[in-house]
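Written out below as structure tokens is the structure these notes cover.
Shown next, in the form of structure tokens:
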């Protein structure tokens with residue numbers, strides 16, 4: 001089957017996809033473009049690294065200037081938290097102690113009244129002592 | 131030699147004063163010295179051992195409000211400096227150290243204590259005593275001591291005890307009616 005016998009679509013495709021020689025200097029221009037892209041990427045990376053370093057060094061400097069204040073503030077917060085926890089614990093313990101003592105007071109008053117009653121009864125009627 | 135002898139005498143005197151100070155404080159106040167009755171609660175069917183000193187009573191009073199429940203208790207506690215209770219009940223007769231109770235009773239024979247009620251029922255071996263210590267018009271302490279072969283109760287209220295205020299607590303918190311000035315229905 002020669003070309004004249006082929007359908008027109010196939011003919012067009014073959015024509016479009018036929019191997020074509022690249023223009024002179026194509027490989028060179030591709031290599032140059034690649035080198036340029038690589039250099040740009042490297043430069044961007046360097047800038048980013050430098051920026052990060054600059055920011056880090058600025059942060060370190062900021063920390064260095066404020067470190068005593070930060071340490072003092074952290075210590076103060078810790079001290080407040082510890083003192084608060086201690087006070088709360090002490091208050092809670094005292095509350096529990098008071099509640100326990102209150103129950104003991106009522107028990108003591110109950111026994112006192114009971115024993116006084118027994119004594120008063122016994123004084124009126126000695127057969128009912130105790 | 132003489133120096134060391136006098137130092138020893140001073141030390142002995144100081145030790146004597148230190149030892150006598152707590153006893154003197156007991157003797158001068160309405161508080162009596164109660165034995166610890168250690169280990170007795172194991173032998174007892176039921177036991178109550180309460181020791182409330184002034185700081186504890188102040189703590190309790192501070193936690194109370196002026197509501198209808200707490201106000202009468204607060205009023206009773208006002209003036210009381212200590213509450214000490216020892217009460218033991220046993221399943222068998224003479225299971226407790228009666229000589230310890232006798233030692234408590236002997237403290238009430240000391241000067242300053244006044245016996246308000248003293249009942250010795252030989253038929254039932256029951257004894258009840260109510261003693262009060264006063265300094266002028268001020269009550270310094272009250273002791274109620276009730277014993278029979280199977281139980282004994284010692285109550286020591288230290289400080290100004292107002293029985294009228296105590297009677298206001300009757301019917302509350304399981305506190306029985308205090309029949310002050312009432313005659314027994316059986317008599």
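Chains as they are written, first to last, in this note's numbering: chain A, 1 to 130; chain B, 131 to 317. We treat Cβ as the ideally placed atom computed from N, Cα and C, and that holds for glycine. Because the structure is a prediction, the values reported are computed rather than measured.
Contact note: residue 93 of chain A does not reach chain B at a C-beta cutoff of 8 Å; the least C-beta distance is about 11 Å.
The closest CA to that of residue 274 of chain B, considering only B/266, B/268, B/257 and B/265, is found on B/257. Across the stretch 103-127 of chain A, CB contacts with chain B closer than 8 Å involve 104, 105, 106, 107, 108, 109, 110, 111, 112, 113, 114, 115, 116, 117, 118, 119, 120, 121, 122, 123, 124, 125, 126 and 127, in sequence order along the chain. Against chain B, a Cβ distance below 7 Å from residue 98 of chain A picks out 189, 190 and 193. Annotation for residue 10 of chain A: the continuous alpha helix (DSSP H) segment containing it runs 8-16. By the C-beta criterion, the stretch 214-229 of chain B is judged to be in contact with the stretch 280-288 of chain B, since at least 3 inter-stretch pairs fall below 8 Å. Residue 111 of chain A is bridged by DSSP to nothing; it lacks a bridge partner. Residue 38 of chain A has its alpha-carbon roughly 14 Å from the corresponding atom of residue 47 of chain A. Residue 33 of chain A and residue 43 of chain A have their C-alpha atoms roughly 15 Å apart.
Distance between residue 19 of chain A and residue 36 of chain A, taken at the CA atoms: about 29 Å.
Taking 8 Å as the Cβ-Cβ cut-off, the stretch 61-83 of chain A has no residue approaching chain B. For residue 217 of chain B, a Cβ of chain A is located within less than 8 Å of the residue's own Cβ. Residues of the same chain with a CB within less than 6 Å of the CB of residue 17 of chain A, apart from the 5 flanking positions on each side, do not exist. For residue 238 of chain B, there are no C-beta contacts with chain A under 9 Å, since the nearest C-beta of that chain is about 13 Å from it. Residues of chain A with a Cβ closer than 9 Å to the Cβ of residue 300 of chain B are, in chain order, 113.
If you check the CB distance, residue 94 of chain A and residue 189 of chain B come in under 8 Å. Counting along the chain, the unbroken beta strand (DSSP E) around residue 276 of chain B starts and ends at 268-278. At a cut-off of 8 Å between C-beta atoms, residue 276 of chain B counts as an interface residue with respect to chain A.
Taking all protein chains in view, the Cβ of residue 65 of chain A is surrounded by fewer than 16 other Cβ atoms within 10 Å, so the residue is classified as exposed. Of B/173, B/243 and B/249, the smallest CA-CA separation from residue 268 of chain B is found for B/243. In the structure shown, residue 265 of chain B adopts extended strand secondary structure according to DSSP, grouped into three states.
Within 10 angstroms of the beta-carbon of residue 167 of chain B lie 16 or more other beta-carbons, which makes it buried. With respect to chain B, the C-beta atom of residue 101 of chain A has a partner C-beta closer than 8 Å. Taking the Cα positions, residue 69 of chain A is about 23 Å away from residue 54 of chain A. About 7 Å separates the beta carbon of residue 113 of chain A from that of residue 300 of chain B, a gap short enough to meet the 8 Å contact definition. Inter-segment contact for the stretch 91-109 of chain A and the stretch 223-240 of chain B is absent: fewer than three beta-carbon pairs are separated by less than 8 Å. Under the Cβ distance rule, residue 182 of chain B counts among the residues neighbouring chain A, one pair being separated by less than 8 Å. For residue 295 of chain B, same chain residues with a beta-carbon under 6 Å away, outside a window of 5 residues either side, are 205 and 206 in chain order.
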